[in-house]
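In the UniProt record's numbering, the protein residues as written are 1 to 920.
See the structure below:
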């Protein structure tokens, strides 16, 4: 294995990177303790991401393992002195380890050790809606953009109390919603931060994309998540779907668990399983590992046995020992504290509950009713009954159910004595059960302005829908007193109880929550329809998922997790330590033993999970702005995670990757790789000069898991009349190519896909801009993706599947006969397209000049003459065939006559012979 370290001090970072080296040093607890040899990266527990040890500058030699005490643990390799950008996170990883999901890539041993002291420490900080009224005089404030999901605070941002008191809100309000301290408003027009989103080009194609916040599992096909959507057009975001990893691959299967109390990390739990690699013909094995600390992020993934250095392997059929494997994956971990778990059934049940702690498919949502002229909490709670507009809205939202005897999810409502009302509102959305706490359906207490019987339920809901009648005053969370209500979805009705009823929406969320979808345009009007219901339910589900990332709920979940782990480590372990066989000498990477430490070269490239590289990322249309990111490439997905914010900023399916262009020479900006996907969009990644091997590995990985290929650079010269010698349609496919022209001799093929024209991404150019570039560019330079081995154009498989699915769904809106005809017509077009290519051809060079029109008329006349000649030839061939048929018929008639004549002669000869032989 190649072990090395990424020094981000060599990168040309953008000016917005925060914190000076001194500030970072004070944020690093290891540096404060004087431990200069420990890694400063927050998620740098893995070692050896990108730089070959033979190519990179040699770090300070680590102490020899032989010099360690018997009970001491080998320390991690020393690294260069921390630079100003080392604290971005994700310094290095064991390359051979394949991550199961996104949050596994962000797993961080150092962060868990740093945050251990704060776990269980109660913070007396007001949260939720109650924090909105805690504003104090503000000396400095920098409101943040609502699309960023961050809080713009003056003063010290690391002091939660001061951050709370200094926040004034974002200043974003309208007639539905007012700006409020500690909250961030969404009034429409917000956009998710990320790469690969064409500005101003929304519509069908944008709706086909998976939002970055909806990406979770990387090892499994994306269809497994899409199927859960049913007929909904919206994705569930901020859900840790990778939490099913233990249930799917470990639970009720043979595996080993180890628990322990680590001095730095606190209680830890590790699950380990060896299974046969899927699709392998021989005895190839895969090791699955789950590593849990008190932090909510969990390491989930696998490593192929053949990719592990040979010195760590056993010759017995049992394979690697857990100790040696963990030493290879996590050299920083103190394995001496680990003990084998007991065989109690409670162990596996507790681990299952622990891993799926954040997964909850039962949701309760509050619904408050605001009449005209109202805005306060007391006004809404004291509306005894609902009006017709509110009733109409409730009918759209869900179904009324009788609580007494109700056996499904009841959300703490009384289903025996009707003490919480006789009816409630219930619905299902995708995999979720949702029970609404409707204010007018909960018990009303006369002469009690607080209405505690209503507030005890709605006040404990994380998400609340505020329904406003026409004339209602703008809502503000200042009027709400609750530590749990973190998200308010304001729905204002217009023209209620008519055929023209529509709704407007605004959302306000606690400032420590990320932005969540589905997003909507500014000034959007939602007609009363099932589509609006889907939007509202998806918004409510995603709101609660996002709220779980806030400080309050994250700390609550962390304390619960710590208690689970502590109970396992203290009460459900045996006295058997982890395998105490000879240690795998991970640190001895030099000298004579180097060859023995290498695994099978490239074996990890066949892993199903995501392999990780540290890169710098930019979009061609985004200029010089570059982001330090983690590139994860699994057998199903390609993702980019920004290291500073630790959020996915780009994702696409491997089936949507159509090609790439790699430059391994150290030219401008170092080795780089452009990845083309979907309609020809691209992202450009770069690495440092001594990491060119990383680019080669990424290309090898893409060759194994995608249908794409290497892009070609073609520089076609114009002919005598100024034409480039080829035509292409709107998608960029070459539909016509002149024989023996410069373009063909340069490598251009029919049905190749042009992705870049004169340095510009083709998908971002209008037809007029394409024409202008082809006419005025001093030198035409194009980047093309060659067709596949069958000569067919390379398309995005995901786009074709989703468009076909949408067409099939739209067919159901037609009548049966009309729908059948439409389907037959589309199938016929689909067959024609598969045989002959795209039907729509739009030449790049468009001109209204007489010469150009005459040339096109001449071409059409020539085509017509050719068709006429072909028709005449077919007629002549038909005449020849008819003559041959007539000749065959005549020959057949003649043969029949001859055969009859021969038979008659034979009969006469036979009779004569019989007469001669008769006796006289």
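Don't be surprised by glycine CBs; every beta carbon is placed ideally from N, CA and C. Values in this document were obtained by computation on a predicted structure and should not be read as measured data.
Exposure label - residue 383; buried when at least 16 CB within 10 Å: The residue given as residue 383 occupies position 383 in the chain shown. With a threshold of 16 other beta carbon atoms within 10 Å, residue 383 meets it and is buried.
Through-space distance from residue 453 to residue 443, alpha-carbon basis: The count along the chain shown starts at 1 and reaches residue 443 at position 443. The count along the chain shown starts at 1 and reaches residue 453 at position 453. Taking the Cα positions, residue 443 is about 6 Å away from residue 453.
Meets three-Cβ-pair contact criterion under 8 Å: the stretch 95-108 and the stretch 213-221: Contact between the stretch 95-108 and the stretch 213-221 is present: 3 or more CB-CB pairs across the two stretches fall below 8 Å.
Nearest-angstrom Cβ-Cβ length linking residue 351 and residue 578, presumed shorter than 8 Å: The residue given as residue 351 occupies position 351 in the chain shown. The residue given as residue 578 occupies position 578 in the chain shown. At roughly 17 Å, the Cβ-Cβ gap does not stay under 8 Å, so residue 351 and residue 578 are not in contact.
Where the alpha helix (DSSP H) containing residue 261 begins and where it ends: Looking up residue 261 in the chain shown gives position 261. Premise fails: residue 261 lies in the beta strand (DSSP E), 256-262, not in any alpha helix (DSSP H).
Three-state secondary structure assigned by DSSP to residue 655: For the purposes of this step, residue 655 is taken as the residue at position 655 of the chain shown. Three-state DSSP puts residue 655 in a helix.
9 Å Cβ cutoff met for residue 674 and residue 711: The sequence position of residue 674 within the chain shown is 674, counting from 1. The sequence position of residue 711 within the chain shown is 711, counting from 1. Result yes, Cβ atoms of residue 674 and residue 711 sit closer than 9 Å.
Helix, strand or coil at residue 433 according to DSSP, with G and I counted as helix: The count along the chain shown starts at 1 and reaches residue 433 at position 433. Three-state result, residue 433: strand.
Opening and closing residue of the alpha helix (DSSP H) in which residue 457 lies: In the chain shown, residue 457 corresponds to position 457, counting from 1. Counting along the chain, the alpha helix (DSSP H) containing residue 457 begins and ends at 452-458.
Helix, strand or coil at residue 477 [DSSP, three-state]: Your numbering for residue 477 matches position 477 in the chain shown. The three-state secondary structure of residue 477, taken from DSSP, is helix.
For residue 287, the three-state DSSP class (helix, strand or coil): Locating residue 287 in the chain shown gives position 287, where the first residue counts as 1. If DSSP states are grouped into helix, strand and coil, residue 287 belongs with the strands.
Among 499, 536, 501 and 546, nearest to residue 515 - alpha-carbon criterion: Within the chain shown, the letter at position 515 stands for residue 515. Checking every option, the nearest Cα to that of residue 515 belongs to 546.
Residue 238, DSSP secondary structure in three states: In the chain shown, residue 238 corresponds to position 238, counting from 1. In the structure shown, residue 238 sits in coil (DSSP, three-state: anything other than H, G, I, E or B).
For residue 426, the residue or residues it bridges with in DSSP: Taking the first residue of the chain shown as position 1, residue 426 is located at position 426. Paired residue(s): 399 and 435.
Candidates 440, 411, 474 and 498, of which the one nearest residue 460 by Cα: In the chain shown, counting from the first residue as 1, residue 460 sits at position 460. Among 440, 411, 474 and 498, the Cα nearest to that of residue 460 is on 411.
Collapsed DSSP secondary structure at residue 759 in the structure displayed: Your numbering for residue 759 matches position 759 in the chain shown. Residue 759: coil per DSSP, three-state reduction.
Proximity of residue 761 and residue 681 at Cβ, strictly below 9 Å: Taking the first residue of the chain shown as position 1, residue 761 is located at position 761. Taking the first residue of the chain shown as position 1, residue 681 is located at position 681. At a Cβ-Cβ threshold of 9 Å, residue 761 and residue 681 count as neighbours.
Same chain, Cβ closer than 6 Å to residue 835, five either side skipped, listed in chain order: Walking along the chain shown from the start, residue 835 turns up at place 835. Low confidence applies to residue 835: its pLDDT is 35, below 50, so where it sits in the model is not reliable enough to give any reading.
Three-pair Cβ contact test at 8 Å for the stretch 531-547 versus the stretch 231-244: The stretch 531-547 is in contact with the stretch 231-244.
Exposure label - residue 778; buried when at least 16 CB within 10 Å: Translated into positions along the chain shown, residue 778 becomes position 778. With fewer than 16 other Cβ atoms within 10 Å, it is exposed.
Residue 104 - containing alpha helix (DSSP H), residue span: As a first step, residue 104 is located in the chain shown; it is residue number 104 there, counting from the start. Segment 102-105, the alpha helix (DSSP H) holding residue 104.
Beta-carbon proximity list for residue 356, same chain, < 6 Å, skipping 5 on both sides: Counting from one through the chain shown, the residue named residue 356 turns up at place 356. Hits under 6 Å: 243.
Cβ neighbour criterion (16 or more within 10 Å) applied to residue 494: Against the chain shown, residue 494 aligns to sequence position 494. Classification of residue 494: exposed, given that the 10 Å Cβ count is below 16.
Touch test, the stretch 179-194 against the stretch 474-481, Cβ-Cβ under 8 Å, three pairs minimum: These segments touch.
Residue 615 to residue 379 span [Cα, whole Å]: If you number the chain shown from 1, residue 615 lands on position 615. If you number the chain shown from 1, residue 379 lands on position 379. Our two residues, residue 615 and residue 379, have alpha carbons roughly 54 Å apart in a direct line.
Beta-carbon proximity list for residue 428, same chain, < 8 Å, skipping 5 on both sides: The count along the chain shown starts at 1 and reaches residue 428 at position 428. Taking residue 428 as the centre and dropping the five residues before and after it, the same chain places the C-beta of 434 closer than 8 Å to its C-beta, in chain order.
Residue 189 (DSSP reduced to helix, strand or coil): One-based indexing of the chain shown puts residue 189 at position 189. The answer is coil: DSSP assigns residue 189 none of H, G, I, E or B.
Beta carbon proximity, residue 410 to chain C, threshold 9 Å: The structure shown contains no chain C, having only a single protein chain.
Proximal residues to residue 319 (C-beta, below 8 Å), its chain only, five neighbours per side dropped: On the chain shown, position 319 is the one that residue 319 refers to. Within the same chain, Cβ atoms closer than 8 Å to the Cβ of residue 319 are found at 274, 285, 287, 305 and 313, the five residues on either side in sequence being excluded.
Close beta carbons around residue 511, own chain, < 7 Å, minus the five adjacent residues each side: Counting from one through the chain shown, the residue named residue 511 turns up at place 511. Answer for residue 511: 151, 167, 182, 183 and 184, listed in chain order.
Proximity below 9 Å, CB of residue 791 to CB of residue 749: Within the chain shown, numbered from 1, the residue matching residue 791 stands at position 791. Within the chain shown, numbered from 1, the residue matching residue 749 stands at position 749. Yes, they are a contact pair.
For residue 562, the first and last residue of its enclosing alpha helix (DSSP H): Translated into the one-based positions of the chain shown, residue 562 becomes position 562. Residues 551-571.
Extent of the continuous alpha helix (DSSP H) to which residue 694 belongs: Taking the chain shown and counting its residues from 1, one reaches residue 694 at position 694. Counting along the chain, the alpha helix (DSSP H) containing residue 694 begins and ends at 692-705.
For residue 625, three-class secondary structure by DSSP: Translated into the one-based positions of the chain shown, residue 625 becomes position 625. In the structure shown, residue 625 sits in coil (DSSP, three-state: anything other than H, G, I, E or B).
Pick from 740, 708, 866 and 741 that is closest to residue 793, judged by C-alpha positions: Counting from one through the chain shown, the residue named residue 793 turns up at place 793. Nearest C-alpha to residue 793: 708.
9 Å Cβ cutoff met for residue 684 and residue 755: Taking the first residue of the chain shown as position 1, residue 684 is located at position 684. Taking the first residue of the chain shown as position 1, residue 755 is located at position 755. Against a cut-off of 9 Å, the Cβ pair of residue 755 and residue 684 comes out as no contact.
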